[in-house]
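*Asks:* In the working numbering, the protein residues as written are 11 to 179.
Beta carbons: idealized from backbone N, C-alpha and C, even for Gly.
1) Take residue 99 and list the residues in its own chain whose beta-carbon comes closer than 6 Å to its own, dropping the five residues that flank it on each side.
2) If I measure Cβ to Cβ from residue 73 and keep anything under 8 Å in the same chain, skipping five residues before and after, which residues do I get?
3) Is there at least one Cβ from chain D nearer than 8 Å to residue 58's Cβ?
4) Could you compute how far the alpha carbon of residue 94 sits from the alpha carbon of residue 71?
5) Which two residues bound the contiguous beta strand (DSSP E) that contains residue 125?
6) Are the CB atoms of residue 30 and residue 103 nearer to each other than 8 Å?
7) Please state whether DSSP places residue 46 in a helix, a strand or coil.
8) With a threshold of 6 Å on Cβ separation, who are the neighbours of residue 58 within its own chain once the five nearest residues in sequence on each side are excluded?
9) Residue ranges of each beta strand (DSSP E) run of no fewer than 3 residues wholly in the segment 34 to 94, ordered along the chain?
10) Using a Cβ-Cβ cut-off of 7 Å (strictly less than) and excluding sequence neighbours within five positions of residue 15, which residues of its own chain qualify?
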């Protein structure tokens, strides 16, 4: 990506530079086609799972470089029959400004970057299900802060307790 494009992407309020966005993995299975697409069978039961992951990338030129992967998996079933399985892993590589303390990187990577990338992954999933012969699967917005707080509640509680002990002593 050119420096000019990276500069344009830096105009967000976040202290980050977005280097690339991409589909890391995509999958669609329609195991019972064409029978599964009959309109008279009614709407299938949907199960959607969302996951976030981040990893540091070593680069000699770019400090604090990371890849954040947002995974959206959707399974549609009618009874015990799978109607379709769709999965998108959407990746974003970013660097975090030197002004951001190291202890702030984790929430920035797993809250703010998924917020940014979700609309792109959502659109890809909607197109994928539509091209698979079904109505587009349109997901409602996700509260990534709540997901983060739930996923890391034990670590957050431990950090708060440690901070209290430091303050008291």
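*Replies:* With the structure as the only source:
1) Position 89 of the chain shown, counted from the start, is the residue given in the question as residue 99. Counting only residues of its own chain and dropping the five nearest sequence neighbours on each side, residue 99 has a CB closer than 6 Å to the CB of 34, 35, 79, 81.
2) Your numbering for residue 73 matches position 63 in the chain shown. Result list for residue 73: 105, 108, in chain order.
3) Within the model displayed, chain D is absent; a lone protein chain is all it includes.
4) The count along the chain shown starts at 1 and reaches residue 94 at position 84. The count along the chain shown starts at 1 and reaches residue 71 at position 61. Cα to Cα, residue 94 sits roughly 43 Å from residue 71.
5) Here the question's residue 125 lines up with position 115 in the chain shown. Here residue 125 belongs to no beta strand (DSSP E); instead the alpha helix (DSSP H) covers 123 to 141.
6) On the chain shown, position 20 is the one that residue 30 refers to. On the chain shown, position 93 is the one that residue 103 refers to. The answer is yes: Cβ separation under 8 Å.
7) Along the chain shown, one-based indexing puts residue 46 at 36. The answer is helix: DSSP assigns residue 46 an H, G or I state.
8) The residue you call residue 58 lines up with position 48 of the chain shown. Same-chain partners within the cutoff: 84.
9) Counting whole runs of 3 or more residues, the segment 34 to 94 contains the beta strand (DSSP E) stretches 55 to 67, 75 to 88.
10) Walking along the chain shown from the start, residue 15 turns up at place 5. Only weak support exists for where residue 15 lies, its pLDDT of 47 falling under 50; the coordinates are left without a value.
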